[in-house]
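For the sequence shown, the working numbering assigns the number 620 to the initial residue and increments by one for each residue that follows. Note that CB positions come from ideal geometry on N, CA and C, so glycine has one too.
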Amino acid sequence: MNAHTERVADYRPLRDWVADCGGQTFPTFASAEWFIRRNRDRLIQSGQLIIRKGSAGSLVGPEFDSVVLDILRESSNCYMARASGSEVAA
Numbered sequence: 620m621n622a623h624t625e626r627v628a629d630y631r632p633l634r635d636w637v638a639d640c641g642g643q644t645f646p647t648f649a650s651a652e653w654f655i656r657r658n659r660d661r662l663i664q665s666g667q668l669i670i671r672k673g674s675a676g677s678l679v680g681p682e683f684d685s686v687v688l689d690i691l692r693e694s695s696n697c698y699m700a701r702a703s704g705s706e707v708a709a
């Protein structure tokens, strides 16, 4: 995904996103942080994650959900390919 949002106001703190949208996938802030650590480069390249230092915390864009779902689906496909002994095109 390469569609960058042009409005700063469209981004919100990761903590707010977890509270509002994390659901069963990210029930805690720590679980979202773990996911981001494992997928940081891709999330930043998507333009939907802006890393900020200190207590300000990271910001996520309005398409963050879509990027997360893409990553989760690809991970599931890779798991299925390994389990069945074949490769699934990503």
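As assigned by DSSP and simplified to three states, the class of residue i
i: residue 656; result: helix
i: residue 631; result: strand
i: residue 673; result: helix
i: residue 701; result: helix
i: residue 693; result: helix
Residue i - partner residues in DSSP beta bridges
i: residue 663; result: Looking at the DSSP assignment, residue 663 forms no beta bridge with any residue, so it has no partner.
i: residue 668; result: 679
Rounded Cβ spacing between residue i and residue j (contact assumed at less than 8 Å)
i: residue 662; j: residue 637; result: With a Cβ gap of about 14 Å, residue 662 and residue 637 do not count as contacting.
i: residue 634; j: residue 654; result: About 14 Å separates the two Cβ atoms, so there is no contact after all.
At a cut of 8 Å, does the stretch 639 to 648 reach the stretch 694 to 706 through at least three beta carbon pairs?
no
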